[in-house]
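Below you'll find the structure, written out as structure tokens, and then a few comments.
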Amino acid sequence: MFYFAALLAFALSQSATALPYPVIQFNNASLARLPVAKTVAASSALHLVTSDRARTARLKAMGMAAATGTPFTEGTLESVPAVNQAVTYTVNVSVGEPATVFSLIVDSGSSNTWVGAGTPYEPTSTSENTGEIVEVQYGSGLFLGEEFTDTVTLGNNLTVANHSIGVATESTGFNGVDGILGIGPVALTAGTLSPDTADTIPTFTDNLFSAGLIADNLVAVSFEPTTTLDATNGELTFGGTDPTKYNGNITYAPITSTAPSSSFWGIDQTVSYGNQTILPLTAGIVDTGTTLVLIATDAFDAYQTATGATLDETTGLLTITEDQLDDLQSLYFDIAGTTFELVPNAQIWPRALNTAIGGTSDGIYLIVSDLGTPSGQGLDFINGQSFLERFYAVFDTTNEQVGIATTDFTTATSN
């Protein structure tokens, strides 16, 4: 098995060379909107916590390697069991001519696109094996395979010829999906190829922008809360923002300078519960691949004390009573001078989905969980799917910033 030095972001300004941009066919040069589906796999909620924490540990190690220019190795992490993600947001992607359709996880915490975890990849007339080995680690998951270039289509009008994709020869932790569509910063692809470890792989968004077919190198994400196991409740927008998906103005925060969050879609924010600051201004990331809202251990302890919640041994999540729910206060996220309110209803797991994660039908479980490390580590929070289902997010490569805005679902009481 190959274990490469991952995320060598410094190489972009030194020895790294990007792979050639492919030829692109695009039928709408303004915006491209793609539906995104959410799936909740029936499993123990412990998988939510285990998977999220394993992912956090991996992101921290890989991000620090990128920031310091040191090789990332498996020895920097404790071993964790392979655990399938309990909650995924996926988009359908067609590869080849004739095309095979793959269901890929939308992941802003990585940047490689790969297939073959479920549906097998069959080379066609448009496929070319580059001779490169590609490997990416995802917390408790793993992908290892070969790099191909092929025609890739998202939706009905977004086609990229000669786009780099990984084809799995080995993958763990990805049951029920076919791979990943990475929408993170391109620097995250450095070190994932072998033997050309210095090369980076342009993302799908990069390829559109490089050809001048979208005005800005950005992708916007709209998720919505749902109470069903499977629902098409999201949208990806390439090249701009969709004003029908958010309210008011978008607040933009520059990518944080604090490592390791600086290697991702990282921002600085303050978190308060009611009028009590539980996490002073610090760095963390916005991440579509994390299910919960994770905060540093000291902030989590303060949150648990303030809410009166107890840790449920079956699910690994905090649980509260009906009376405590009545008294639950809002969480406030201060980002770039704007305060975003996560209302009490948004802090609880959808009760209609309790049994799907191993909980009781009448239980009340909180979606705020322990990051697993104290604050001051350079990645002290992750605003995951539970946050993104209430707020619109923009990942802007052109201007090196992350945008956040309220939506019609910010104060919804769907849970």
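Count the sequence shown with our numbering and you get residues 27 to 441, in order.
Don't be surprised by glycine CBs; every beta carbon is placed ideally from N, CA and C.
Residue i to residue j span [Cα, whole Å]
i, j, result
"E154", "Y278", "40 Å"
"D324", "E367", "21 Å"
"F421", "A438", "24 Å"
"T185", "G300", "47 Å"
"E426", "V203", "30 Å"
"G217", "A224", "6 Å"
"D388", "V369", "20 Å"
"V280", "E348", "One point to set straight first is that residue 280 is Pro, not Val, in the sequence displayed. Approximately 39 Å, taken between the alpha carbons."
"L318", "Y147", "32 Å"
"Y418", "T364", "14 Å"
"Y329", "L354", "11 Å"
"D338", "A322", "19 Å"
"A58", "T381", "36 Å"
"L255", "K64", "8 Å"
"T336", "N183", "49 Å"
"T226", "G192", "13 Å"
"P61", "F249", "10 Å"
"D434", "F359", "18 Å"
"L103", "D78", "Here the model assigns L103 a pLDDT of 42, short of 50, so the residue's position is not dependable, and the following value carries that caveat. Rounded to whole angstroms, L103 to D78 spans 15 Å at the Cα level."
"A143", "A246", "26 Å"
"S129", "G205", "7 Å"
"A213", "T231", "13 Å"
"S298", "T177", "47 Å"
"N273", "F413", "16 Å"
Simplified DSSP state of residue i, which is helix, strand or coil
i, result
"Q403", "coil"
"G334", "coil"
"A427", "One detail in the question is off: residue 427 reads as Gln in this sequence, not Ala. Of the three classes helix, strand and coil, the one that applies to Q427 here is strand, per DSSP."
"Y47", "Any reading at Y47 needs caution, since the residue's pLDDT is 33, under 50, leaving its predicted position unreliable; the model's value is listed next. Y47: coil per DSSP, three-state reduction."
"E123", "coil"
"Y115", "strand"
"E348", "helix"
"T270", "helix"
"S248", "strand"
"T439", "coil"
"F290", "coil"
"L343", "coil"
"S412", "helix"
"Y147", "coil"
"T432", "strand"
"N137", "Checking the displayed sequence, the identity of residue 137 turns out to be Ser instead of Asn. Reduced to three states, the DSSP call for S137 is coil."
"L239", "coil"
Residue j beta carbon less than 8 Å from that of residue i
i, j, result
"T145", "V132", "no"
"P228", "S236", "yes"
"I383", "T314", "no"
"L320", "I408", "yes"
"V127", "V66", "no"
"T316", "G398", "no"
"N441", "P251", "yes"
"S445", "Y164", "This structure gives no information on residue 445, because the portion of the chain shown stretches from 27 to 441."
"T175", "T156", "yes"
"T424", "L244", "yes"
"I276", "A93", "no"
Nearest candidate by alpha-carbon position, reference residue i, set the options
i, options, result
"A187", "V245, T218 and V121", "V121"
"D294", "G167, I311 and A378", "I311"
"W140", "P124, R416 and T195", "T195"
"G189", "V212, N233 and Q163", "The question names Gly, but residue 189 is His in the sequence shown. Nearest of V212, N233 and Q163 to H189, Cα basis: N233."
"N201", "T126, F169, D225 and V247", "F169"
"G402", "T179, L180, P286 and Y164", "P286"
"T198", "V162, L85, L337 and R416", "V162"
"A309", "Y147, G205 and P400", "P400"
"L357", "L207, F249, I209 and T303", "T303"
"N118", "G363, E173, Y272 and T179", "T179"
"L239", "S134, A125 and G266", "G266"
"S288", "R79, P61, G89 and E250", "G89"
"S283", "P306, G404 and T231", "G404"
"L305", "W291, F326, F290 and G292", "F326"
"L85", "G429, V193, S129 and G167", "G167"
"T152", "G205, I361, V247 and A125", "A125"
"T82", "L351, D406 and I430", "D406"
"G429", "W291, A87, V160 and P211", "W291"
"D242", "T253, F230 and F264", "F264"
"I361", "T296, T436, Q350 and A213", "T296"
"G210", "S134, N273 and F230", "S134"
Distance cut-off 7 Å: residue i Cβ against heavy atoms of the ligand HEM
i, result
"A322", "The model on display carries no ligand, and the ligand HEM is accordingly not part of it."
Exercise for the section: Could you say if the segment 388-395 and the segment 369-377 meet the contact criterion of at least three C-beta pairs nearer than 8 Å? Expected result: yes
Exercise for the section: Check whether the segment 253-270 touches the segment 74-83, taking contact to mean three or more Cβ pairs, one atom from each stretch, closer than 8 Å. Expected result: no
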